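Below: one structure, written as structure tokens.
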Amino acid sequence: MSGSVLRLGVNIDHVATVRNARGGTVPDPVRAAKLAIAAGADGITAHLREDRRHIRDEDMRRLKAEIDAPLNFEMAATDDMVAIALATRPHGCCLVPEKRSERTTEGGLDVVGGHDHLKVAATELASVGIRVSLFIEPSPRAIAAARSIGAPVVELHTGAWCDAIAHDERDRAAHEFERIRLAAQAAESQGIECHAGHGLDFETARIISALPQIVELNIGHFLIGEAIFFGLEATIAAMRASMRAGRTGLPLEQATDVVVGTA
Ligand code: PXP
């Protein structure tokens, strides 16, 4: 499962955030998705939130119809969302916790307390061939619960680690990274595919890419923000170079031209 393969999923939610600020049709998140794929994204992630603050139902429908890369549908495990996912049939669904008041997905799922409910949603999605992933805290307890739920994939929440780095809190950053490292190992040893995401930038993506058990990073806010200054294509190319540098241990300048698996 692990090794050189390291996919980049690009989350295009915040293209829709900008569009919705004016209430019109531009910038179009589907156009961003196509550009991201052309620039080297292996898949597209979009979160249909209960309040539709960025991605809307029609975006999800168009993404599925118009892009030719795997679509990762992020959603809360509610009956309404499961029904939309069953109708949309994305490649994958990532189940996330959702509170209306939060600015972003602030923590992982309560996979222990919500075990039975999550299992019902995961089983229903899997029954039509959708690959289910659970967005969890990097802890052995959460990995064990994910296994019991039957999820083939977990995505480790990297937000606390990225936050510690952003605030230059070195001890906390080291502690959080160790949690991620151990959780990635635990996932692999339980036969669960391991992804990671939330708050990643060029530097944190480079560091986390050194963990061989992690085979996919999902990144949104930072990429869309950088794209304002440098364009989506150049930003995605730079992110891929960071990921390659982290994976191979090569200096960034050399990693730019090295091709590792992107399957
Ligand atoms: N993965 C999951 C499950 C998320 O909920 C998010 C945020 O929508 C991301 C990855 C991307 O996080 P960010 O936008 O901070 O890169």
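In our numbering, each residue's number is its place in the sequence shown (first place is 1) plus 2. By construction, the Cβ of each residue, glycine as well, lies at the ideal position given by its N, Cα and C atoms. Just so we're clear, the structure is a prediction, and the values are computed from it rather than from any experiment.
One alpha carbon belongs to residue 70, the other to residue 131, and they sit about 18 Å apart.
DSSP, reduced to helix, strand and coil, places residue 80 outside both helices and strands of the structure shown, so it counts as coil. Contact between residue 64 and residue 32 holds: CB atoms are separated by about 5 Å, below the 8 Å threshold.
Secondary structure at residue 48: strand, using DSSP grouped into helix, strand and coil. Taking residue 16 as reference, the option from 34, 7 and 100 with the minimal CA-CA separation is 34. Inclusion of residue 221 in the 8 Å shell around ligand 1 follows from its C-beta lying nearer than that to a non-hydrogen atom of the ligand. Counting along the chain, residue 195 sits inside no alpha helix (DSSP H); it lies in the beta strand (DSSP E) bounded by residues 195 to 199. DSSP, reduced to helix, strand and coil, places residue 65 within a helical segment of the structure shown. Linking residue 211 to residue 155 through their CA atoms gives a straight-line distance of about 17 Å.
Secondary structure note for residue 56: it is in no alpha helix (DSSP H), with a DSSP letter that is neither H nor E. For residue 135, the beta-bridge partners assigned by DSSP are 96 and 155. The beta carbon of residue 141 is closer than 8 Å to those of 181 and 185 in its chain, skipping five residues each way along the sequence.
Shown here, residue 216 sits in a strand according to DSSP, grouped into three states. Under DSSP, the beta-bridge partners assigned to residue 74 are 47 and 94. DSSP places residue 114 in the coil class of the three-state scheme, outside both helix and strand. When DSSP states are grouped into helix, strand and coil, residue 12 belongs to the strand group.
Put simply, of 204, 12 and 112 the residue whose alpha carbon is nearest the alpha carbon of residue 75 is 12.
Residue 117 has its CB no nearer than 8 Å to any heavy atom of ligand 1.
Distance from the CA atom of residue 163 to the CA atom of residue 174, rounded to whole angstroms, is 8 Å. The Cβ atoms of residue 102 and residue 171 lie no closer than 9 Å to each other. Measuring C-alpha to C-alpha distances from residue 219 to each of 80, 20, 44 and 91 identifies 44 as the nearest. Per DSSP, residue 235 is one residue of the alpha helix (DSSP H) stretching across 234 to 250. For residue 102, no alpha helix (DSSP H) run applies, since DSSP gives it neither H nor E.
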